[in-house]
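In the numbering used here, the protein residues as written are 57 to 347.
A virtual CB, placed ideally from N, CA and C, is assigned to each residue, including glycine.
Model, not experiment: these values are computed from the prediction.
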(Lines of atoms letter the chains of each structure in order from A; the text may use other names.)
(Lines give C-alpha, C1' and ligand atoms only; values in the text may rest on other atoms or scores of the structure.)
Protein backbone atom coordinates (compact mmCIF):
# COMPACT_ATOMS: atom_id res chain seq x y z
CA UNK A 57 0.00 0.00 0.00
CA UNK A 58 2.85 2.45 0.75
CA UNK A 59 6.44 2.87 -0.41
CA UNK A 60 8.85 3.49 2.49
CA UNK A 61 11.12 6.48 2.04
CA UNK A 62 13.84 4.61 3.91
CA UNK A 63 14.21 2.58 0.70
CA UNK A 64 13.06 4.89 -2.11
CA UNK A 65 14.69 8.20 -2.96
CA UNK A 66 11.86 10.73 -3.26
CA UNK A 67 13.00 12.12 -6.64
CA UNK A 68 13.26 8.68 -8.23
CA UNK A 69 9.96 7.59 -6.67
CA UNK A 70 8.20 10.70 -7.97
CA UNK A 71 9.52 10.01 -11.48
CA UNK A 72 8.38 6.39 -11.33
CA UNK A 73 4.92 7.42 -10.15
CA UNK A 74 4.68 10.01 -12.91
CA UNK A 75 5.67 7.47 -15.55
CA UNK A 76 3.06 4.99 -14.32
CA UNK A 77 0.47 7.78 -14.22
CA UNK A 78 1.07 8.33 -17.95
CA UNK A 79 1.01 4.61 -18.71
CA UNK A 80 -2.20 4.10 -16.70
CA UNK A 81 -4.05 7.11 -18.11
CA UNK A 82 -3.93 9.05 -14.86
CA UNK A 83 -4.88 6.43 -12.28
CA UNK A 84 -1.95 6.52 -9.85
CA UNK A 85 -2.28 7.05 -6.12
CA UNK A 86 1.21 7.26 -4.60
CA UNK A 87 1.31 5.66 -1.16
CA UNK A 88 4.11 6.83 1.15
CA UNK A 89 5.34 5.69 4.55
CA UNK A 90 8.27 6.28 6.85
CA UNK A 91 9.25 2.58 6.86
CA UNK A 92 8.84 0.07 9.66
CA UNK A 93 9.31 -3.54 8.55
CA UNK A 94 12.55 -4.75 10.14
CA UNK A 95 13.01 -7.90 8.07
CA UNK A 96 12.49 -6.00 4.81
CA UNK A 97 15.29 -3.59 5.64
CA UNK A 98 17.59 -6.27 7.06
CA UNK A 99 17.19 -8.58 4.06
CA UNK A 100 18.04 -5.93 1.48
CA UNK A 101 20.61 -3.94 3.41
CA UNK A 102 18.66 -0.73 4.01
CA UNK A 103 19.21 1.22 7.22
CA UNK A 104 16.15 1.48 9.45
CA UNK A 105 16.69 4.61 11.52
CA UNK A 106 15.28 5.17 14.97
CA UNK A 107 11.69 6.47 14.87
CA UNK A 108 12.50 10.16 15.39
CA UNK A 109 15.13 10.49 12.63
CA UNK A 110 13.06 8.21 10.40
CA UNK A 111 10.05 10.52 10.59
CA UNK A 112 12.28 13.55 10.03
CA UNK A 113 13.61 11.92 6.86
CA UNK A 114 10.05 11.15 5.78
CA UNK A 115 9.00 14.76 6.40
CA UNK A 116 11.69 15.95 4.00
CA UNK A 117 10.92 13.28 1.45
CA UNK A 118 7.19 13.84 1.25
CA UNK A 119 7.69 17.60 0.92
CA UNK A 120 10.15 17.01 -1.94
CA UNK A 121 7.68 14.72 -3.72
CA UNK A 122 4.75 17.05 -3.15
CA UNK A 123 6.65 20.01 -4.58
CA UNK A 124 8.17 18.14 -7.53
CA UNK A 125 4.73 17.01 -8.67
CA UNK A 126 3.49 20.61 -8.63
CA UNK A 127 6.40 22.98 -9.34
CA UNK A 128 8.48 23.44 -12.49
CA UNK A 129 11.72 23.25 -10.51
CA UNK A 130 12.51 22.74 -6.84
CA UNK A 131 15.24 23.95 -4.52
CA UNK A 132 15.27 22.20 -1.15
CA UNK A 133 17.86 22.15 1.62
CA UNK A 134 17.45 19.36 4.13
CA UNK A 135 19.53 17.01 6.22
CA UNK A 136 18.57 13.94 4.20
CA UNK A 137 17.80 15.42 0.79
CA UNK A 138 19.10 18.44 -1.15
CA UNK A 139 17.80 19.74 -4.48
CA UNK A 140 19.03 22.77 -6.38
CA UNK A 141 16.89 24.16 -9.19
CA UNK A 142 15.79 20.60 -9.90
CA UNK A 143 13.46 20.41 -12.92
CA UNK A 144 10.64 17.91 -13.02
CA UNK A 145 9.07 17.27 -16.39
CA UNK A 146 6.80 15.92 -17.65
CA UNK A 147 4.27 16.35 -14.91
CA UNK A 148 1.75 13.59 -14.10
CA UNK A 149 -1.38 13.41 -16.21
CA UNK A 150 -3.41 14.13 -13.09
CA UNK A 151 -3.38 17.79 -12.22
CA UNK A 152 -2.69 16.85 -8.62
CA UNK A 153 -1.40 13.29 -8.33
CA UNK A 154 -2.82 12.12 -4.98
CA UNK A 155 -0.47 11.15 -2.16
CA UNK A 156 -1.61 8.51 0.34
CA UNK A 157 -0.01 8.34 3.79
CA UNK A 158 -0.29 5.40 6.14
CA UNK A 159 0.53 6.11 9.76
CA UNK A 160 -0.38 5.95 13.43
CA UNK A 161 2.04 8.42 15.08
CA UNK A 162 1.32 12.07 16.03
CA UNK A 163 4.05 13.63 13.86
CA UNK A 164 3.00 11.53 10.89
CA UNK A 165 -0.64 12.49 11.35
CA UNK A 166 0.40 16.13 10.99
CA UNK A 167 2.38 15.34 7.84
CA UNK A 168 -0.61 13.48 6.43
CA UNK A 169 -2.75 16.54 7.16
CA UNK A 170 -0.21 18.77 5.46
CA UNK A 171 0.43 16.79 2.28
CA UNK A 172 -1.88 13.80 1.78
CA UNK A 173 -4.99 13.43 -0.32
CA UNK A 174 -5.74 10.09 1.37
CA UNK A 175 -5.09 8.52 4.75
CA UNK A 176 -4.75 4.76 5.17
CA UNK A 177 -4.65 2.54 8.21
CA UNK A 178 -4.92 -1.06 9.35
CA UNK A 179 -7.37 -2.15 12.00
CA UNK A 180 -10.79 -3.37 13.06
CA UNK A 181 -13.43 -0.66 13.52
CA UNK A 182 -12.45 0.04 17.13
CA UNK A 183 -8.79 0.54 16.25
CA UNK A 184 -9.62 2.43 13.06
CA UNK A 185 -11.78 4.85 15.07
CA UNK A 186 -8.82 5.65 17.31
CA UNK A 187 -6.62 6.21 14.26
CA UNK A 188 -9.16 8.65 12.86
CA UNK A 189 -9.06 10.58 16.12
CA UNK A 190 -5.31 10.93 15.64
CA UNK A 191 -5.81 12.16 12.08
CA UNK A 192 -8.36 14.69 13.30
CA UNK A 193 -5.88 16.02 15.85
CA UNK A 194 -3.25 16.31 13.13
CA UNK A 195 -5.68 18.18 10.90
CA UNK A 196 -6.58 20.54 13.74
CA UNK A 197 -2.90 21.31 14.28
CA UNK A 198 -2.40 22.00 10.56
CA UNK A 199 -5.63 23.91 10.06
CA UNK A 200 -7.08 21.41 7.60
CA UNK A 201 -10.61 20.08 7.37
CA UNK A 202 -10.36 16.27 7.80
CA UNK A 203 -13.31 15.89 5.43
CA UNK A 204 -10.96 16.92 2.59
CA UNK A 205 -8.85 13.77 3.13
CA UNK A 206 -10.09 10.47 1.70
CA UNK A 207 -9.87 7.59 4.17
CA UNK A 208 -9.12 3.94 3.49
CA UNK A 209 -8.70 0.98 5.79
CA UNK A 210 -7.77 -2.67 5.55
CA UNK A 211 -8.01 -5.69 7.81
CA UNK A 212 -7.56 -9.44 7.48
CA UNK A 213 -10.98 -10.94 6.70
CA UNK A 214 -11.82 -14.49 7.80
CA UNK A 215 -15.24 -15.80 6.77
CA UNK A 216 -16.46 -18.61 9.06
CA UNK A 217 -19.47 -20.90 8.68
CA UNK A 218 -20.09 -21.80 12.31
CA UNK A 219 -19.25 -20.83 15.85
CA UNK A 220 -16.98 -23.86 15.95
CA UNK A 221 -14.95 -22.52 13.02
CA UNK A 222 -14.70 -19.15 14.70
CA UNK A 223 -13.65 -20.69 18.01
CA UNK A 224 -10.98 -22.76 16.23
CA UNK A 225 -9.25 -19.55 15.15
CA UNK A 226 -8.51 -18.85 18.82
CA UNK A 227 -6.91 -15.56 19.77
CA UNK A 228 -6.06 -14.77 16.15
CA UNK A 229 -9.72 -13.95 15.49
CA UNK A 230 -9.62 -11.21 18.12
CA UNK A 231 -6.45 -9.49 16.91
CA UNK A 232 -6.97 -5.76 16.27
CA UNK A 233 -6.17 -6.14 12.55
CA UNK A 234 -8.60 -9.02 11.99
CA UNK A 235 -12.29 -9.26 11.11
CA UNK A 236 -13.63 -12.79 11.65
CA UNK A 237 -17.10 -14.27 11.72
CA UNK A 238 -20.20 -15.11 9.74
CA UNK A 239 -21.32 -13.09 6.71
CA UNK A 240 -23.67 -11.13 8.96
CA UNK A 241 -20.95 -10.40 11.51
CA UNK A 242 -18.56 -9.24 8.79
CA UNK A 243 -21.26 -7.02 7.30
CA UNK A 244 -21.76 -5.43 10.72
CA UNK A 245 -18.03 -4.70 10.97
CA UNK A 246 -17.85 -3.27 7.46
CA UNK A 247 -20.91 -1.17 8.17
CA UNK A 248 -19.12 0.35 11.13
CA UNK A 249 -16.32 1.51 8.82
CA UNK A 250 -18.95 3.24 6.73
CA UNK A 251 -20.38 4.94 9.79
CA UNK A 252 -16.90 6.11 10.80
CA UNK A 253 -16.49 7.81 7.43
CA UNK A 254 -14.11 5.50 5.60
CA UNK A 255 -14.38 5.72 1.82
CA UNK A 256 -12.67 2.48 0.93
CA UNK A 257 -11.95 -0.96 2.34
CA UNK A 258 -8.95 -2.91 1.02
CA UNK A 259 -9.20 -6.67 1.35
CA UNK A 260 -5.84 -8.46 1.70
CA UNK A 261 -5.75 -11.96 0.27
CA UNK A 262 -2.65 -13.49 1.88
CA UNK A 263 -4.67 -15.35 4.53
CA UNK A 264 -7.40 -16.57 2.20
CA UNK A 265 -5.80 -19.76 0.93
CA UNK A 266 -2.60 -21.69 0.22
CA UNK A 267 -2.45 -20.94 -3.51
CA UNK A 268 -3.70 -18.37 -6.04
CA UNK A 269 -6.74 -20.41 -7.09
CA UNK A 270 -7.89 -20.94 -3.51
CA UNK A 271 -7.44 -17.26 -2.70
CA UNK A 272 -9.42 -16.19 -5.76
CA UNK A 273 -12.24 -18.58 -4.86
CA UNK A 274 -12.39 -17.28 -1.28
CA UNK A 275 -12.44 -13.69 -2.55
CA UNK A 276 -15.40 -14.62 -4.75
CA UNK A 277 -17.21 -16.09 -1.73
CA UNK A 278 -16.64 -12.94 0.30
CA UNK A 279 -17.86 -10.79 -2.54
CA UNK A 280 -21.09 -12.77 -3.00
CA UNK A 281 -21.89 -13.48 0.66
CA UNK A 282 -20.62 -10.35 2.39
CA UNK A 283 -19.95 -7.37 0.13
CA UNK A 284 -22.81 -7.61 -2.37
CA UNK A 285 -25.59 -8.01 0.23
CA UNK A 286 -24.11 -5.20 2.30
CA UNK A 287 -24.12 -2.88 -0.71
CA UNK A 288 -27.71 -3.82 -1.45
CA UNK A 289 -28.99 -3.37 2.09
CA UNK A 290 -27.07 -0.17 2.73
CA UNK A 291 -27.76 1.34 -0.68
CA UNK A 292 -24.05 1.75 -1.36
CA UNK A 293 -23.16 3.30 -4.70
CA UNK A 294 -19.50 3.15 -5.64
CA UNK A 295 -18.74 6.67 -6.75
CA UNK A 296 -14.97 6.86 -6.90
CA UNK A 297 -13.20 6.07 -10.20
CA UNK A 298 -11.19 3.19 -8.74
CA UNK A 299 -14.25 1.29 -7.49
CA UNK A 300 -14.39 -2.49 -7.48
CA UNK A 301 -17.89 -2.21 -8.90
CA UNK A 302 -18.92 -0.20 -11.94
CA UNK A 303 -21.46 2.45 -11.01
CA UNK A 304 -24.36 0.41 -12.38
CA UNK A 305 -23.41 -2.92 -10.85
CA UNK A 306 -24.83 -2.64 -7.31
CA UNK A 307 -28.38 -2.45 -8.69
CA UNK A 308 -27.73 -5.47 -10.89
CA UNK A 309 -26.36 -7.39 -7.93
CA UNK A 310 -29.51 -6.55 -5.99
CA UNK A 311 -31.88 -8.09 -8.52
CA UNK A 312 -34.76 -9.52 -6.53
CA UNK A 313 -33.96 -7.32 -3.52
CA UNK A 314 -35.09 -4.00 -4.97
CA UNK A 315 -37.50 -3.42 -2.10
CA UNK A 316 -34.53 -3.27 0.26
CA UNK A 317 -32.82 -0.44 -1.60
CA UNK A 318 -33.30 3.09 -0.25
CA UNK A 319 -34.42 5.63 -2.82
CA UNK A 320 -31.65 8.13 -2.12
CA UNK A 321 -28.94 9.15 0.28
CA UNK A 322 -27.01 5.87 0.22
CA UNK A 323 -23.45 5.62 1.43
CA UNK A 324 -20.66 6.24 -1.03
CA UNK A 325 -18.13 3.45 -0.84
CA UNK A 326 -15.51 1.92 -3.09
CA UNK A 327 -14.15 -1.55 -2.52
CA UNK A 328 -10.81 -2.97 -3.54
CA UNK A 329 -10.20 -6.70 -3.35
CA UNK A 330 -6.48 -7.35 -3.43
CA UNK A 331 -6.17 -10.11 -5.99
CA UNK A 332 -2.68 -9.26 -7.16
CA UNK A 333 -1.45 -12.72 -6.24
CA UNK A 334 -4.48 -14.58 -7.53
CA UNK A 335 -3.01 -15.22 -10.96
CA UNK A 336 -6.45 -14.60 -12.41
CA UNK A 337 -7.67 -11.69 -14.51
CA UNK A 338 -11.14 -11.46 -12.99
CA UNK A 339 -12.90 -8.16 -13.50
CA UNK A 340 -14.66 -8.70 -10.19
CA UNK A 341 -11.38 -8.16 -8.42
CA UNK A 342 -9.66 -5.72 -10.72
CA UNK A 343 -9.27 -2.21 -9.40
CA UNK A 344 -9.05 0.66 -11.84
CA UNK A 345 -6.67 2.42 -9.47
CA UNK A 346 -2.90 1.95 -9.54
CA UNK A 347 -1.47 2.16 -6.03
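Beta carbon of residue i, beta carbon of residue j: below 8 Å?
{"i": "residue 58", "j": "residue 158", "result": "yes"}
{"i": "residue 120", "j": "residue 137", "result": "yes"}
{"i": "residue 235", "j": "residue 225", "result": "no"}
{"i": "residue 91", "j": "residue 156", "result": "no"}
{"i": "residue 165", "j": "residue 122", "result": "no"}
{"i": "residue 162", "j": "residue 190", "result": "yes"}
{"i": "residue 149", "j": "residue 70", "result": "no"}
{"i": "residue 109", "j": "residue 89", "result": "no"}
{"i": "residue 169", "j": "residue 252", "result": "no"}
{"i": "residue 282", "j": "residue 215", "result": "yes"}
{"i": "residue 222", "j": "residue 237", "result": "yes"}
{"i": "residue 177", "j": "residue 187", "result": "yes"}
Based on the DSSP secondary-structure assignment, which residues constitute the bridge partners of residue i?
{"i": "residue 209", "result": "177, 257"}
{"i": "residue 143", "result": "129"}
{"i": "residue 236", "result": "214"}
{"i": "residue 266", "result": "Answer is none; residue 266 lacks a bridge partner."}
{"i": "residue 59", "result": "88"}
{"i": "residue 138", "result": "133"}
Note down the Cα distance separating residue i from residue j, rounded to an integer number of angstroms.
{"i": "residue 62", "j": "residue 219", "result": "43 Å"}
{"i": "residue 248", "j": "residue 142", "result": "46 Å"}
{"i": "residue 272", "j": "residue 182", "result": "28 Å"}
{"i": "residue 3", "j": "residue 268", "result": "There is no way to answer for residue 3, as the model of the chain reaches only from 57 to 347."}
{"i": "residue 140", "j": "residue 133", "result": "8 Å"}
{"i": "residue 167", "j": "residue 113", "result": "12 Å"}
{"i": "residue 244", "j": "residue 180", "result": "11 Å"}
{"i": "residue 217", "j": "residue 277", "result": "12 Å"}
{"i": "residue 66", "j": "residue 202", "result": "25 Å"}
{"i": "residue 257", "j": "residue 210", "result": "6 Å"}
{"i": "residue 250", "j": "residue 287", "result": "11 Å"}
{"i": "residue 309", "j": "residue 81", "result": "Here residue 309 scores only 44 on pLDDT, less than 50, and its place in the model should not be relied on; the value that follows carries that caveat. Going by the C-alpha atoms only, they are around 28 Å apart."}
{"i": "residue 265", "j": "residue 279", "result": "15 Å"}
{"i": "residue 366", "j": "residue 126", "result": "The requested residue 366 does not occur in the structure, where the chain is confined to residues 57 to 347."}
{"i": "residue 104", "j": "residue 85", "result": "25 Å"}
{"i": "residue 116", "j": "residue 68", "result": "14 Å"}
{"i": "residue 99", "j": "residue 147", "result": "34 Å"}
{"i": "residue 107", "j": "residue 239", "result": "39 Å"}
{"i": "residue 95", "j": "residue 285", "result": "39 Å"}
{"i": "residue 175", "j": "residue 208", "result": "6 Å"}
{"i": "residue 228", "j": "residue 93", "result": "20 Å"}
{"i": "residue 64", "j": "residue 102", "result": "10 Å"}
{"i": "residue 83", "j": "residue 97", "result": "29 Å"}
{"i": "residue 135", "j": "residue 145", "result": "25 Å"}
{"i": "residue 128", "j": "residue 160", "result": "32 Å"}
{"i": "residue 263", "j": "residue 151", "result": "37 Å"}
{"i": "residue 118", "j": "residue 75", "result": "18 Å"}
{"i": "residue 79", "j": "residue 270", "result": "31 Å"}
Contact defined as beta carbons within less than 8 Å: I believe residue i pairs with residue j. What is the distance between those atoms, to the nearest angstrom?
{"i": "residue 153", "j": "residue 255", "result": "That pair is no contact at about 18 Å."}
{"i": "residue 206", "j": "residue 173", "result": "6 Å"}
{"i": "residue 261", "j": "residue 275", "result": "6 Å"}
Which two residues bound the contiguous alpha helix (DSSP H) that contains residue i?
{"i": "residue 68", "result": "66-79"}
{"i": "residue 87", "result": "Element bounds for residue 87: not the alpha helix (DSSP H) but the beta strand (DSSP E), 86-89."}
{"i": "residue 219", "result": "219-224"}
{"i": "residue 112", "result": "107-124"}
{"i": "residue 166", "result": "162-171"}
{"i": "residue 94", "result": "94-100"}
Taking residue i as part of the beta strand (DSSP E), name the residues at either end of that continuous run.
{"i": "residue 156", "result": "155-158"}
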